Every structure is written in structure tokens, then in C-alpha cells.
Amino acid sequence: MIGGTRVYDAHTHIGAARHSGRSYTADDLLRDMDAHGVDRALVIPYPVVEDYRASHDVIGDALLRYADRLTGAACLPAFLTDAARREELRRVVERYGVRVLKFQPQYQPLNPLGREFEGLCAAAAELGLTIVCHTGLGAPFALPSLYIHAARLFPKTAFVLAHCGGPAYFLEAVVAAEVCPNIYLELSSLMPHHVTDVLERVPVSRLMAGSDLPESQRAEMGKIFDAAAGEARAEILWRTPRRVLDGARE
Ligand SMILES: [Zn+2]
Numbered sequence: 026m027i028g029g030t031r032v033y034d035a036h037t038h039i040g041a042a043r044h045s046g047r048s049y050t051a052d053d054l055l056r057d058m059d060a061h062g063v064d065r066a067l068v069i070p071y072p073v074v075e076d077y078r079a080s081h082d083v084i085g086d087a088l089l090r091y092a093d094r095l096t097g098a099a100c101l102p103a104f105l106t107d108a109a110r111r112e113e114l115r116r117v118v119e120r121y122g123v124r125v126l127k128f129q130p131q132y133q134p135l136n137p138l139g140r141e142f143e144g145l146c147a148a149a150a151e152l153g154l155t156i157v158c159h160t161g162l163g164a165p166f167a168l169p170s171l172y173i174h175a176a177r178l179f180p181k182t183a184f185v186l187a188h189c190g191g192p193a194y195f196l197e198a199v200v201a202a203e204v205c206p207n208i209y210l211e212l213s214s215l216m217p218h219h220v221t222d223v224l225e226r227v228p229v230s231r232l233m234a235g236s237d238l239p240e241s242q243r244a245e246m247g248k249i250f251d252a253a254a255g256e257a258r259a260e261i262l263w264r265t266p267r268r269v270l271d272g273a274r275e
């Protein structure tokens, strides 16, 4: 809790990252969550790993150990066969209760308007997963508007635009959320004045907070705490991610 408000960090990673050299464990994450007043977090594999199944097992082990604190995501290599995709998603849903699929177009170079991405979304939608798409850095495939296509094809699936398009494209993310009721915005990497702009245009029932990197957790959660008050603050920091990522009714 921060100042009496429960806090959900909707964007964290554990494991070992090939692209950045980062390594961060579930225990590291829990220590930082406790230090920063974070009650619950969505934990996502890094997008470039040695072995995606093993990285899912790291996430799964964390979910089993910290079921009351963590929700889990899967992340698949871009060019798996449809059968391999479905098999692995089913495995992590059945074994670990994974609820989210992360798509990172900087490292999974699939055209968001293309058939491969539609197939990935179909596999996730059939299992009832929420799809979190990295947006911002990595344009053009990371442009927020490109996810309108999939959000319309799969209207019952929630699409979360991670980083809300970033400082360069956050207004485009606002438009995407305006035209698609199943598009949600996760506000990490925006400056505080960008968050204020988003809050003027998008209902708090469609917004959530994330940190992405451990050294940003205190600042990212604090940014939202400062930008919103009362019910709006509680909605962004807790209720929206609980509904969208965990299916909770509270
Ligand atoms: Zn991330």
C-alpha cells in the first residue's frame, strides 16, 4: 500500500534477459515490492531468453510460491508454428495459471496487421488470456494504433498497451482507447504531464500503472499516486489491473 491505497504494478519482469544482460529473480521482485509498497504485480518473461519454456517455468515457479502477490504472463518467440504456440500456452495456463500473453514487437517482429499476429491473438483469446502489447519504442510495429485491428477482431479479449505509446505516441494510444472499449493503457515511461493529459481523456477504468524495471518502481507508482486522488487513484493503482489481469470483481 502507498498512503492507504493498494498498489498493483502491471509491468514487471523476472528471469535472465539475453538482450540486456539483466537478471532478476522472484525473490528480488518481492523484496522490491515490499520496499515500495507494491501489493501485487504482473510478472512477465523478458522478450529475449535462452529457452522460452524454461523462462515460463521460472515465472510458473514464482506464481506457485507467491500466488497471493503475483499474476503471470507468457511470451513466445515470434516464429513458432501455430501448434507449438498453442501447446505452450495451454501448458502454462493449465500448469501455472498464467493469465496474460505479452507481445514485444521490438523483439518479436510480427506485423500487428498480419496473419501471424492474428494467429497469436487467436491462440491467446481461446484460452481467455489478456494480451499486453509493448508500444512506443520500436515503431512502426510498436505504434499504438496498429493494435486497433486485433482489438476489433477479438472484441472479448482485453488488449493492454504497455507504456501507453511512450512520450512520442501517447496521444495515439489515447485515440486507440477511445475507439476500442477493450483497449487499456499502462502508463509506464510517460512523464507526469503526459499522464495528466491521458487522465483528461481516458476513463480510469481503462488505466493501470507499471514499472517495467525495478529501479523505476518507486518513481512509476509515485507518479500515479501524485497524478490522481481518491477513487481515481484506487482505480488505476488497484482495481483496473485486478479486473483486467486477474478477472477479479472487487
Ligand atoms: Zn517490459
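All residue numbers for the sequence shown refer to our numbering, where the first residue is 26 and numbers rise by one.
Just so you know, even glycine gets a beta-carbon here, dropped at the ideal spot from N, CA and C.
For clarity, every value in this text was computed on a predicted model and none was experimentally measured.
Could you round the C-beta distance between leucine 55 and tyrosine 91 to whole angstroms and report it? I think they count as a contact, below 8 Å. 6 Å
Output needed for isoleucine 69: all residues of its chain with C-beta closer than 6 Å, excluding positions within five of it in sequence on either side, in chain order. His38, Ala98 and Lys127
Cβ distance (whole Å) where alanine 234 is taken to contact isoleucine 261 below 8 Å: 6 Å
Here's the rule I'm using: 16 or more other beta-carbon atoms within 10 Å means buried, otherwise exposed. How should threonine 265 be labelled? buried
C-beta contact flag for aspartate 211 and histidine 36 at 9 Å: In the sequence under discussion, the amino acid at residue 211 is glutamate, which differs from the aspartate named in the question. The answer is yes: Cβ separation under 9 Å.
Could you name the residues, in chain order, whose CB is less than 7 Å away from a heavy atom belonging to ligand 1? His36, His38, Ile69, His159, Ala187 and Asp237
When DSSP builds the beta bridges, which residues end up paired with histidine 44? BP columns for histidine 44 are empty, so no partner.
Those runs of the alpha helix (DSSP H) which lie wholly inside the stretch 206 to 268 and span at least 4 residues: 217 to 226, 242 to 252 and 255 to 259
Distance, alanine 183 Cα to leucine 272 Cα: Checking the displayed sequence, the identity of residue 272 turns out to be glycine instead of leucine. So the two alpha carbons sit approximately 11 Å from each other.
Nonlocal neighbours in the same chain, by C-beta distance under 7 Å from alanine 193, ignoring five residues either side: Gly161
With arginine 110 and leucine 270 assumed to form a contact (beta carbons below 8 Å), what rounded beta-carbon distance in angstroms separates them? Contact flag wrong, Cβ pair sits at about 21 Å.
Look at the alpha carbon of proline 130 and the alpha carbon of histidine 159, and state the distance between them as a whole number of angstroms. 7 Å
Taking contact to mean at least 3 C-beta pairs separated by less than 8 Å, is the stretch 134 to 153 in contact with the stretch 74 to 94? no
Cross-strand partners of tyrosine 121 (DSSP beta bridge): Looking at the DSSP assignment, tyrosine 121 forms no beta bridge with any residue, so it has no partner.
Does the beta-carbon distance from aspartate 237 to phenylalanine 195 come in below 9 Å? no
Return the CA-CA distance between phenylalanine 104 and threonine 96, expressed in angstroms with no decimal places. 26 Å
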